[in-house]
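Student: Here it is, the structure in full.
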Amino acid sequence: MTTSVLYPVSNSYRDNKSLNGLWQFKFDPQKVGPAEHWERGLTDTISMPVPGSFADLFTDRESRDYTGDFWYQTDFYVPRDWDEQTLLVRFGSLTHRAVIYCNGVEITTHEGGFLPVVADITAAVNAVTVNHLVIKLNNELSEATLPVGTTKTLPTGRLVAQPYFDFFNYAGIQRNVWLMTLPKQAITDFDTVTTLQATTATLQYHVQSATGTITAQLCDADGQVVAENTGVAGKLVVSNPHLWQVRHAYLYTLKLQLQVAGQLVDAYQTSIGLRTVAVHGEQILINDEPVYLKGYAKHEDFDVLGKAFNWSIVKRDFECMKWTNANCFRTSHYPYAEEWYQMADAEGFLVIDEVPAVGMMQSTQNFADAGKGKFTHFFETPTVPTLKHNHITQVNEMIQRDKNHPCVFAWSLFNEPETTSTEAATYFKDIFKAARAADVQQRPCTGAFEKNSQPDTCQVYPLCDFICLNRYYGWYINSGESFDEATVAFKAELDQWQAKHLHKPFVFSEFGTDNLVTEHKLPSVMWSQEYQNEFLQLYFDIFDEYSFIQGELIWNFADFQTNQGVLRVNGNRKGIFTRERQPKDAAFLVKKRWE
42 MTTSVLYPVS NSYRDNKSLN GLWQFKFDPQ KVGPAEHWER GLTDTISMPV
92 PGSFADLFTD RESRDYTGDF WYQTDFYVPR DWDEQTLLVR FGSLTHRAVI
142 YCNGVEITTH EGGFLPVVAD ITAAVNAVTV NHLVIKLNNE LSEATLPVGT
192 TKTLPTGRLV AQPYFDFFNY AGIQRNVWLM TLPKQAITDF DTVTTLQATT
242 ATLQYHVQSA TGTITAQLCD ADGQVVAENT GVAGKLVVSN PHLWQVRHAY
292 LYTLKLQLQV AGQLVDAYQT SIGLRTVAVH GEQILINDEP VYLKGYAKHE
342 DFDVLGKAFN WSIVKRDFEC MKWTNANCFR TSHYPYAEEW YQMADAEGFL
392 VIDEVPAVGM MQSTQNFADA GKGKFTHFFE TPTVPTLKHN HITQVNEMIQ
442 RDKNHPCVFA WSLFNEPETT STEAATYFKD IFKAARAADV QQRPCTGAFE
492 KNSQPDTCQV YPLCDFICLN RYYGWYINSG ESFDEATVAF KAELDQWQAK
542 HLHKPFVFSE FGTDNLVTEH KLPSVMWSQE YQNEFLQLYF DIFDEYSFIQ
592 GELIWNFADF QTNQGVLRVN GNRKGIFTRE RQPKDAAFLV KKRWE
């Protein structure tokens, strides 16, 4: 079985075809599918779009909130000219865990719902007759899974998800699916590292492949070869290079070829940006130049689509971010579909890539409890060893998938865990160690801290190359009539951080207020657009007083769906844009500041 997760390409040596479309779908609330051999073929099914999040496509509560096992099936033929090649099926993700069957044969399993799953089906396919591809999925949450939560059994016996995180537990086959071919002897992976000199850039590469000879070429935007080398590992030196710059991207094409016994047997090509990343003192440097991060924490979330991938949403989101003069976003709270990174590469956006380590506090309202001193001894529970194994696995998978994107300048290894215990410090030392071992580019590693993680109590922040803070002074605390206290409390904390003389950049990875686009109040009150503007202006003014603050990523880019609750009005309403991607009043404030 291949372990290659390289994004699909078509050329003379490898091919692919989309398996997107309407699949057969079936809930399995009693989990009888394996015993009844549903892997051999589903009956009594309904149609379900792929990519798709199933929850928002139904009109009944039980289907929308369904938790447990569910199954997909599609049938396909293998094209005649695909003989004598390795046949793969590649899923952009399967949420949250999956078993893949081809013609009744179990091919592979996968835990984790936001990274690719690749299955080698060569031995199981029929070359001349129809093939049945069946997927068993499960979307239950536990304290051993990422993201973290629990699963509740209602008196009726029905399961419901209880997330320890503040976004809806969308599930399904939510990203693109391909049937692919690779040569029997193939290129399976590669690494790149850029270094800069006075008038040259050097791209060091290392290719994983079958035994043979590798030729590497770097071509400019006009298709001209600007550097070439032979060998599994080597250097491509470019004179007077066009660098990948923030909001001014330039992309080269890296072409790799594999020869065996003098015969060309495989080729792979992809876009590459020449850029360096470093943290020096209180500055984040791209190509040795300081950059101030302006942008958003986001979600893959849209009406009806849920978390299903859609190119039109990607395009609209980037246009809205560009309109506000943003240059960065964080993939809160999971790696996004690969196409988001492709667009960020092309548009020159910086990306903080985040693993799905969210919910590491035993609370279904962690967004409120996190800032109020609640402590649940999360990292002292028996599930921690399994959780850590899953966490490290998904860190490695994220880095393997996204390591060659120039847009990705940092890895976020958690969001708002409990960090004040020695157990938490021990846990995260291993997570950071794994991330740094996996990334040959040695990008900065960070994580987002909630308010309980204070300068004199947090035991994890020393692990970070730069520190990300999620803060809600003026919303979850010091809000409404107490709004004037927010300035005092916020600056008091920042003064404590400043007094520690950490000589590290700080980025505010979340700050914002819920608001309704229909609500206008003079004077302002909570949930009005005026209150959101006053809150943001307060934060902007304070940011400008502290030199170690090097970025502001507003929570959130757009309104998004959450579980139901008295603190949520049909979802989280902290967006600068509505869920339909229309600007609120705050969008104009942000646009003016970021000019």
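Residue 241 in our numbering sits at position 200 of the sequence shown, and the numbers go up by one each step.
Think of the CB as a built atom: it goes at the ideal place given N, C-alpha and C, for glycine as much as any other residue.
Does the count of Cβ pairs from the stretch 390 to 408 and the stretch 194 to 202 closer than 8 Å reach three?
Tutor: With a cut-off of 8 Å on Cβ pairs, the stretch 390 to 408 is not in contact with the stretch 194 to 202, counting fewer than three such pairs.
Student: Can you check which of these residues, Gly153, Leu128 and Asn52, is closest to His432 by C-alpha distance?
Tutor: Looking from the CA of His432, the closest CA among Gly153, Leu128 and Asn52 belongs to Gly153.
Student: By Cβ distance below 6 Å, which residues in the same chain neighbour Glu636 in space, the five residues on each side in sequence not counted?
Tutor: Asn366
Student: Short of 6 Å in beta carbon distance, which residues of its chain neighbour His289, apart from the five on each side in sequence? Order them along the chain.
Tutor: Gly389
Student: With 16 other CB atoms within 10 Å as the buried threshold, where does Met42 fall?
Tutor: Below a pLDDT of 50, predicted positions are generally treated as unreliable, and Met42, at 39, falls in that range; the measurement from the model is reported next regardless. Classification for Met42: exposed.
Student: Span of the beta strand (DSSP E) holding Val396?
Tutor: For Val396, there is no enclosing beta strand (DSSP E), since its DSSP letter is neither H nor E.
Student: According to DSSP, Phe152 sits in a beta bridge with which residue or residues?
Tutor: According to the sequence as given, residue 152 is Glu; it is not Phe. Bridge partners of Glu152: Arg138.
Student: Check whether the stretch 241 to 255 and the stretch 280 to 289 are in contact - that is, three or more C-beta pairs closer than 8 Å.
Tutor: Between the stretch 241 to 255 and the stretch 280 to 289, the count of C-beta pairs closer than 8 Å reaches three or more; the two stretches touch.
Student: DSSP three-state call for Trp123: helix, strand or coil?
Tutor: helix
Student: In three-state terms, what does DSSP make of Phe370?
Tutor: strand
Student: Which parts of the stretch 245 to 305 are runs of the beta strand (DSSP E), unbroken and 3 residues or longer, counting only runs that do not cross its ends?
Tutor: 254 to 260, 266 to 271, 274 to 280 and 293 to 301
Student: For Asp525, would you say it is in contact with chain B, using Cβ-to-Cβ distances shorter than 9 Å as the test?
Tutor: Among the chains in the structure shown there is no chain B, since it carries only a single protein chain.
Student: Determine the direct distance from the alpha carbon of Val166 to that of Glu330, and round the result to whole angstroms.
Tutor: 53 Å
Student: Provide the residue(s) that pair with Met221 in DSSP beta bridges, ordered along the chain.
Tutor: Asn57 and Leu129
Student: How should Asp525 be labelled, buried or exposed, when 16 other C-beta atoms within 10 angstroms of its C-beta is the threshold for buried?
Tutor: exposed
Student: Is Val355 helix, strand or coil by DSSP?
Tutor: If DSSP states are grouped into helix, strand and coil, Val355 belongs with the helices.
Student: By how many angstroms is the C-alpha of Asp536 removed from the C-alpha of His542?
Tutor: Those two C-alpha atoms are separated by around 10 Å.
Student: Taking Gln483 as the reference, give the member of Lys444, Phe66 and Leu129 with the closest Cα.
Tutor: Cα-wise, what sits closest to Gln483 is Lys444.
Student: Count the other CB atoms within 10 Å of the CB of Asp110; is the residue buried (16 or more) or exposed (fewer)?
Tutor: Buried, since its Cβ has 16 or more Cβ neighbours within 10 Å.
Student: Looking at Gly213: is its Cβ nearer than 9 Å to the Cβ of Gly347?
Tutor: yes
Student: How many angstroms separate the CA atom of Ala527 from the CA atom of Ala533?
Tutor: 10 Å
Student: Please say whether Ala489 and Ser453 have beta carbons closer to each other than 9 Å?
Tutor: yes
Student: In terms of alpha-carbon separation, which member of Pro458, Leu579, Arg131 and Asn180 lies closest to Lys72?
Tutor: Asn180
Student: What did DSSP end up calling Ala227 once you bin it into helix, strand or coil?
Tutor: Coil, per DSSP.
Student: Using DSSP with H/G/I as helix, E/B as strand and the rest coil, what is Thr467?
Tutor: helix
Student: Within its chain, find whatever has a CB closer than 7 Å to the CB of Leu557; leave out the 5 residues flanking it on each side and keep chain order.
Tutor: Closer than 7 Å at the Cβ level, and outside the excluded window around Leu557, lie Trp568, Val610 and Arg614.
Student: Please name the residue or residues paired with Tyr309 in a DSSP beta bridge.
Tutor: Leu297
Student: Using 10 angstroms around the beta-carbon of Leu391, count the other beta-carbons present and answer buried if the total reaches 16, otherwise exposed.
Tutor: buried
Student: Relative to the alpha-carbon of His340, which residue among Gln265, Ala160, Asp585 and His374 has its alpha-carbon at the smallest distance?
Tutor: His374
Student: In its own chain, which residues sit with a C-beta less than 6 Å from the C-beta of Leu428, not counting the 5 before and 5 after it?
Tutor: Ala185
Student: Enumerate in chain order the residues of its own chain whose CB-to-CB distance from Gly400 is below 6 Å, with the five nearest sequence positions on each side excluded.
Tutor: Pro188, Val189, Gly190, Tyr205 and Phe206
Student: Within the continuous alpha helix (DSSP H) that includes Pro426, where are the two ends?
Tutor: Val425 to Asp443
Student: Tell me which residues share the same chain as Gly414 and place their Cβ nearer than 7 Å to its Cβ, disregarding the 5 neighbours each side in the sequence.
Tutor: Asn493
Student: If you draw a straight line from the C-alpha of Phe531 to the C-alpha of Gln324, how long is it?
Tutor: 22 Å
Student: Any contact between the stretch 96 to 110 and the stretch 155 to 172? By contact I mean 3 or more CB pairs, one from each, below 8 Å.
Tutor: no
Student: Helix, strand or coil, according to DSSP, for Ile214 in the structure here?
Tutor: coil
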